[in-house]
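These notes concern the structure reproduced below.
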Amino acid sequence: MANYAVGDIQGCYKEFDKGLKKINFNEKKDRLWISGDLINRGPDSLKTLERIYNIRSSVNIVLGNHDLHFLARHYADRKAAKNDTLEELLSSSKCEKYAKFLLKQPFVFSKKIKLKNGVKKKYIMVHAGLPHYLTFKECMNLNKLSQEFLNRNPKKNLKKIFFHHRKNNFKIISMKDKLTFFINAVTRIRICDKEGKIMFAFKKGLKDLPYNFVPWFKLKISALTREDRLIFGHWAALNGKTNKQNIIGLDTGCVWGNKLTFVRLEDSKKYFIKKIK
Ligand SMILES: [Mn+2]
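Residue numbers (my numbering): 8 to 284.
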């Protein structure tokens with residue numbers, strides 16, 4: 008029995024399938040952690056969701072910005088983005104089933120795992136990252152409330168999430184504002200200033216950091232003790248590198264022609280699947 012995590016699949020079904028074979032994934036015994044952005048931009052979103060749905064009792068998922076974008080297109084008439092590859096999924100007779108399935112997934116997931124040496128370790132999984140000032144308890148509480156918020160009225164609340172999704176100066180007044188901000192932060196954060204203020208539009212690499220901004224994981228993450236580990240995706244330009252031993256980047260830009268990364272959580276062994284041309 009082992010726990011494997013995989014980064015942003017983004018509809019790269021061939022590489023995902025090859026990876027499951029490479030790690031010898033056994034859905035009866037193993038668990039697969041998927042760090043969000045299951046679909047979009049890549050060629051096979053429908054097939055990818057189909058496969059994940061079929062092994063759903065063996066997977067832990069957190070939602071990413073592309074998964075939310077799909078939900079907003081399905082439930083909230085959100086316009087297509089220029090590079091969307093969601094048409095096959097959106098017009099499929101299974102679309103509603105898969106949308107309902109995604110809607111039930113969390114934004115933050117955490118579980119303790121027994122490592123090879125017998126030590127138990129807490130893993131936290133999130134798509135993009137965590138605001139540094141939130142404690143673990145606050146994160147899990149906001150996660151629960153955010154899931155309820157999203158499911159209570161998907162159409163209205165997805166509209167609210169996307170209305171504010173790139174606002175750096177979004178004023179948080181109500182609880183709904185707080186949840187909207189939390190959802191956008193954990194699915195989109197890359198950089199922030201020393202106080203934790205997020206610059207949502209930034210998509211480049213570490214060489215292009217704006218003055219006074221740092222990657223979110225350079226700040227002291229309150230939710231994470233030195234013994235815990237955090238896995239995330241979203242930032243392909245990092246190519247998995249954080250220079251922090253307990254913060255593991257999984258997005259290695261498969262959809263952009265690089266590779267898909269799997270990691271076995273028990274011993275941190277990594278498996279790479281090169282983009283199949
Ligand atoms: Mn993403």
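Glycine residues also receive a C-beta, built at the ideal position from the N, C-alpha and C atoms. Here the structure is a predicted model, which means the values were calculated and not measured.
Residues near aspartate 15 in its chain [Cβ-Cβ closer than 6 Å; skip 5 each side]: Asp44, Gly240 and Asp258
Euclidean distance between Cα positions of arginine 63 and tyrosine 218: 43 Å
Whether arginine 197 touches phenylalanine 189 by CB criterion (9 Å): no
Enclosing beta strand (DSSP E) for alanine 12 [first to last residue]: 10 to 13
By the three-class DSSP mapping on this structure, what secondary structure does phenylalanine 269 have? strand
At least 3 beta-carbon pairs within less than 8 Å: the segment 226 to 233 vs the segment 129 to 149: yes
Mind checking who glycine 260 pairs with in its DSSP beta bridge? Note: glycine 260 sits in a beta bridge opposite Lys266.
Any heavy atom of ligand 1 within a distance shorter than 8 Å of the CB on glycine 43? yes
Do the CB positions of isoleucine 255 and leucine 226 come within less than 9 Å of each other? no
Helix, strand or coil: how does DSSP classify leucine 231 here? coil
Start-to-end residues for the alpha helix (DSSP H) that takes in arginine 80: 72 to 82
Just to confirm before moving on: does the CB-CB distance between tyrosine 105 and leucine 56 stay below 9 Å? Less than 9 Å separates the beta-carbon of tyrosine 105 from that of leucine 56.
Exposed or buried, what is leucine 122 when buried is set at 16 or more other beta-carbons lying within 10 Å of its beta-carbon? By the 10 Å Cβ count, leucine 122 comes out exposed.
Give a yes or no on whether the C-beta atoms belonging to alanine 88 and lysine 162 are separated by under 9 Å. Cβ distance not < 9 Å, so alanine 88 and lysine 162 don't count as in contact.
What does the Cβ neighbour count give for glutamate 22, buried or exposed, with the cut at 16 atoms within 10 Å? buried
Do you know whose CA, among Arg38, Ser99, Asn160 and Lys128, lies nearest alanine 79's CA? Asn160
Counting pairs of Cβ atoms below 8 Å between the segment 240 to 249 and the segment 33 to 50, do you hit three or more? Taking 8 Å as the limit for Cβ pairs, the verdict is that the segment 33 to 50 does touch the segment 240 to 249.
I need the DSSP call for aspartate 44, collapsed to helix, strand or coil. coil
Could you compute how far the alpha carbon of alanine 9 sits from the alpha carbon of lysine 277? 13 Å
Tell me which same chain residues have a C-beta within less than 6 Å of the C-beta of aspartate 274, skipping the five on either side of it? The residues are Lys123.
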